[in-house]
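A.B. asks: I have a structure here, written as structure tokens, and I will follow up with some questions on it.
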Amino acid sequence: MTIRYTWIRRGLVICLLLLGAEQIWGHVYEYVFARQFAVVEPGKIYRGAWQKDWPMRRIVSDYKIRTILAL
17 MTIRYTWIRR
27 GLVICLLLLG
37 AEQIWGHVYE
47 YVFARQFAVV
57 EPGKIYRGAW
67 QKDWPMRRIV
77 SDYKIRTILA
87 L
């Protein structure tokens, strides 16, 4: 193979690896980290966006939340 094809192949492999890493990070980020969660009144009222199971369990455990109101 010529040097040109070697560089093209390396470039394609790097692009595919970056695309795969971006896709994996997008899914992991959504399932691990809480989204738009904030304290309104400490110990009383918290607000946040719709959460996946794992972040929601962690929030409920960390802040000792007993009641969740979904509007």
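FYI, the numbering for the sequence shown is 17 to 87, going by this note's numbering. For every residue, glycine included, the Cβ atom is placed at its ideal position computed from N, Cα and C.
1) Would you kindly work out how many angstroms separate the C-alpha atoms of Gly27 and Gly64, rounded to a whole number?
2) Going by C-alpha to C-alpha distance, which of Thr22, Tyr21, Tyr79 sits closest to Val56?
3) If you follow the beta strand (DSSP E) that Ile84 is part of, which residue opens it and which one closes it?
4) Please identify the residue among Ile30, Phe49, Ile24, Glu38 whose C-alpha is closest to the C-alpha of Lys68.
5) Identify every residue that forms a DSSP beta bridge with Val55.
C.D. replies: In short:
1) Residue 27 sits at position 11 when you count from the first residue of the sequence shown. Residue 64 sits at position 48 when you count from the first residue of the sequence shown. Taking the straight line joining both Cα atoms gives about 41 Å.
2) Your numbering for residue 56 matches position 40 in the sequence shown. Taking only the C-alpha atoms, the option nearest Val56 is Tyr79.
3) Position 68 of the sequence shown holds residue 84. Segment: none, Ile84 is in no beta strand (DSSP E) and carries neither H nor E.
4) Residue numbering aside, residue 68 sits at position 52 when the sequence shown is read from its first letter. It is Phe49 whose Cα lies nearest to the Cα of Lys68.
5) Position 39 of the sequence shown holds residue 55. Answer is Tyr62.
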